[in-house]
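Trainee: Dumping the structure here so I can ask a few things about it.
Residue numbers (the numbering used here): 52 to 333.
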């Protein structure tokens with residue numbers, strides 16, 4: 052306590068000296084002004100880097116975008132729109148395995164994202180995974196370079212895509228979700244997803260999928276983003292005989308990892324059906 056009183060007294064004397072010494076006050080004000088001026092470039096640099104990172108994420112994810120254009124245009128005699136997303140989901144609904152493999156790949160991620168900063172971590176994980184795979188990093192491809200099968204394939208769907216019709220803004224993904232509701236309902240209510248190793252390791256239940264994909268309000272999809280689905284149409288897929296939705300192996304609600312490398316490892320394990328995606332973890 053004596054020490055604290057001594058420190059407090061020291062600062063109190065400094066305060067009185069500043070208050071009683073008139074000439075020092077303008078100098079302090081000028082010094083504060085210069086401190087603010089010199090700190091502005093660093094503040095701008097920090098803000099710019101944040102925007103640059105968000106922009107990099109969007110540029111990367113847009114490169115793999117499945118277009119939602121014309122999702123609200125339903126041809127006569129059809130029940131779904133004309134967008135590329137409608138085409139993909141129709142192939143999945145109809146079990147058009149060969150068309151899917153030819154168009155989208157034998158194994159691939161489908162990431163549901165928004166055009167904002169929320170997908171920054173997902174971008175970091177995906178890019179690191181892609182780069183490590185391309186560099187044949189032994190941790191990722193294995194000693195015999197056979198751990199990751201196929202080629203890196205990613206497709207992104209922007210759930211905040213909109214269009215304007217007669218002055219009214221329409222969310223295009225909500226149109227898709229409504230028109231393909233049966234498919235999303237199957238994802239939600241089938242028990243095969245909750246019995247995957249990944250779901251069991253996270254104690255996912257049917258209710259988790261119901262909250263993600265179904266709603267009593269058919270005007271807006273309840274899905275939180277970013278969300279990642281992994282489709283595997285290969286013979287190596289341990290779930291191939293139990294899938295209720297063609298090719299769908301796992302749904303990742305939150306990409307695990309505190310760094311881009313850790314998130315890339317999660318994606319690697321998903322792709323190769325290893326670790327939490329291939330066995331029960333204690």
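Here a beta-carbon is modelled for each residue, glycine too, at the ideal position from N, C-alpha and C.
No experiment lies behind these values; they were computed from the predicted model shown.
1. Using the Cβ count rule (16 or more neighbours within 10 Å means buried), how would you classify residue 263?
2. Can you check the segment 130 to 192 for any alpha helix (DSSP H) of at least 4 residues that lies completely inside it and give the ranges in chain order?
3. In whole angstroms, give me the CA-to-CA distance for residue 316 and residue 180.
4. Along the chain, where does the alpha helix (DSSP H) that runs through residue 292 open and close?
5. Does the contact criterion of 3 or more C-beta pairs under 8 Å hold for the segment 172 to 179 versus the segment 145 to 157?
6. Going by Cα to Cα distance, which pick from 327, 325, 254, 319 is closest to residue 191?
7. Leaving aside the five residues before and after residue 160 along the sequence, list all residues of the same chain whose C-beta is less than 6 Å from its C-beta, in chain order.
8. If you count every other CB in all the chains shown that lies within 10 Å of the CB of residue 299, and 16 or more means buried, which is it?
9. Can you name the start and end residues of the beta strand (DSSP E) that residue 205 belongs to?
10. So, is residue 167 buried or exposed, given that buried needs 16 or more other C-beta atoms within 10 angstroms?
11. Using the beta-carbon count (16 or more within 10 Å), is residue 54 buried or exposed?
12. Per DSSP, residue 213 forms a beta bridge with which residues?
13. Closer than 6 Å by C-beta to residue 115: which residues in its own chain qualify, once you throw out the five before and the five after it? Chain order, please.
14. Tell me residue 283's beta-bridge partners as DSSP assigns them.
15. For the segment 249 to 262 and the segment 122 to 130, state whether three or more C-beta atom pairs, one from each stretch, are separated by less than 8 Å.
16. If we count the other Cβ atoms within 10 Å of its Cβ and call it buried at 16 or more, is residue 286 buried or exposed?
17. Do you know how far the Cα of residue 200 is from the Cα of residue 323?
18. So who's on the other strand from residue 302, going by DSSP bridges?
19. Mapping the DSSP letters down to three states, classify residue 314 as helix, strand or coil.
20. What does DSSP give as the partner residue(s) for residue 114 in the beta ladder?
21. Please name the residue, chosen from 332, 198, 258, that lies closest to residue 245 on a Cα-to-Cα basis.
Mentor: The structure says:
1. Reading the chain shown from its first residue, position 212 is the one you call residue 263. Around the C-beta of residue 263, 16 or more other C-beta atoms lie within 10 Å, and the residue is accordingly described as buried.
2. Listed in chain order, they are 135 to 144, 148 to 154, 171 to 185, 189 to 192.
3. As a working mapping, residue 316 is identified with position 265 in the chain shown. As a working mapping, residue 180 is identified with position 129 in the chain shown. Straight-line spacing of the CA atoms in residue 316 and residue 180 works out to 7 Å.
4. Within the chain shown, numbered from 1, the residue matching residue 292 stands at position 241. Segment: none, residue 292 is in no alpha helix (DSSP H) and carries neither H nor E.
5. No contact exists between the segment 172 to 179 and the segment 145 to 157.
6. As a position in the chain shown, residue 191 is number 140, starting the count at 1. For the options 327, 325, 254, 319, the alpha carbon positioned closest to that of residue 191 is the one of 319.
7. Position 109 of the chain shown, counted from the first residue, corresponds to residue 160. Counting only Cβ-Cβ distances below 6 Å, and skipping sequence neighbours, we find 205, 279, 281.
8. Sequence index remark: in the chain shown, residue 299 carries index 248 (1-based). Looking at its Cβ environment, which holds 16 or more other Cβ atoms inside 10 Å, residue 299 is buried.
9. Along the chain shown, one-based indexing puts residue 205 at 154. 205 to 209 is the extent of the beta strand (DSSP E) around residue 205.
10. The residue given as residue 167 occupies position 116 in the chain shown. Under this definition residue 167 is an exposed residue.
11. Within the chain shown, numbered from 1, the residue matching residue 54 stands at position 3. Residue placement at residue 54 cannot be trusted, given a pLDDT of 48 that sits under 50; what the coordinates show is reported in the next sentence. Exposed, by the Cβ-count rule.
12. Position 162 of the chain shown, counting from 1, holds the residue named residue 213. In DSSP, residue 213 forms a bridge with 222.
13. Position 64 of the chain shown holds residue 115. A distance below 6 Å between beta-carbons, with the five flanking residues on each side excluded, links residue 115 to the following residues of its chain, in chain order: 205, 206, 207.
14. Walking along the chain shown from the start, residue 283 turns up at place 232. DSSP, once it has assigned bridges, lists 158 as partnering residue 283.
15. Cβ pair count under 8 Å is below three, so no.
16. Indexing the chain shown from 1 puts residue 286 at position 235. Classification for residue 286: exposed.
17. To locate residue 323, count along the chain shown from 1; it is residue 272. To locate residue 200, count along the chain shown from 1; it is residue 149. Residue 323 and residue 200 have their alpha carbons spaced roughly 7 Å apart.
18. Residue 302 sits at position 251 when you count from the first residue of the chain shown. Partner residues in the beta bridge of residue 302, as assigned by DSSP, are 280.
19. By 1-based counting over the chain shown, the position of residue 314 is 263. The answer is helix: DSSP assigns residue 314 an H, G or I state.
20. As a working mapping, residue 114 is identified with position 63 in the chain shown. In DSSP, residue 114 forms no bridge with anything.
21. Taking the chain shown and counting its residues from 1, one reaches residue 245 at position 194. Nearest of 332, 198, 258 to residue 245, Cα basis: 258.
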